[in-house]
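One structure is given here, and the rest of the page talks about it.
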Amino acid sequence: MYQPQASYPEQPQLLSTTIETIRKERRKRTNMFSKRRTTLIKKVEKLHRECDDIDVFFIVRDRRSNKIWQYSNGYYPPTRAEMQSIYPVPVILQPQDEQIQPPTVIPTDPFHEHQYQTNCTLDAAFLG
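Structure representation (structure tokens):
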């Protein structure tokens, strides 16, 4: 009578391969996040250097580990209540905002409209 061989030796190898794959993917994701975070912080720092009339506060939080990385030139953002009282109203960008507004030109003094102040905004080259 024919008795099939048990396939028990194959299962541990399958399990170890799956665990290895998960570890490799996790390592790959962690390395990618680290590189992108470093590049993004460098870009924010470059924006601060090139547009010296702006304040910069940038924060990244890893939801898994709850670690926070922050870049600031000494400026800390206002609270939500303070933001509502600021004029002109601040532009708050969210992930679903695909298009970034072009720079707006605001006269510094209504009686001297020939003096203009340009807002330094993000452009496609900055985003990478």
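Heads up: the sequence shown begins at 115 in this note's numbering, then just goes up one per residue.
For glycine and all other residues, C-beta sits at the position ideal for the given N, C-alpha and C.
Item: Measure the alpha-carbon distance for Asn145 versus Gln208 and round it to whole angstroms.; Value: 25 Å
Item: Within 10 angstroms of its Cβ, does Val205 collect 16 or more other Cβ (buried), or is it exposed?; Value: exposed
Item: Check Arg178 in the structure and name its three-state DSSP category.; Value: coil
Item: Kindly list the residues whose CB is nearer than 7 Å to the CB of Asp169, restricted to its own chain and excluding five residues on each side of it in sequence; keep chain order.; Value: Asn187 and Tyr189
Item: Please confirm if Arg175 has its CB atom under 8 Å from at least one CB of chain B.; Value: The question asks about chain B, but that chain is absent: this structure has only one protein chain.
Item: Indicate whether Ile200 and Pro192 have their beta-carbon atoms separated by less than 8 Å.; Value: yes
Item: With which residues is Ile173 paired in a DSSP beta bridge?; Value: Gln184
Item: Grab the span of the alpha helix (DSSP H) containing Gln198 for me, first residue to last.; Value: Arg194 to Ser199
Item: Closest to His162 by CA distance: which of Thr131, Arg140, Ile133 and Tyr185 is it?; Value: Tyr185
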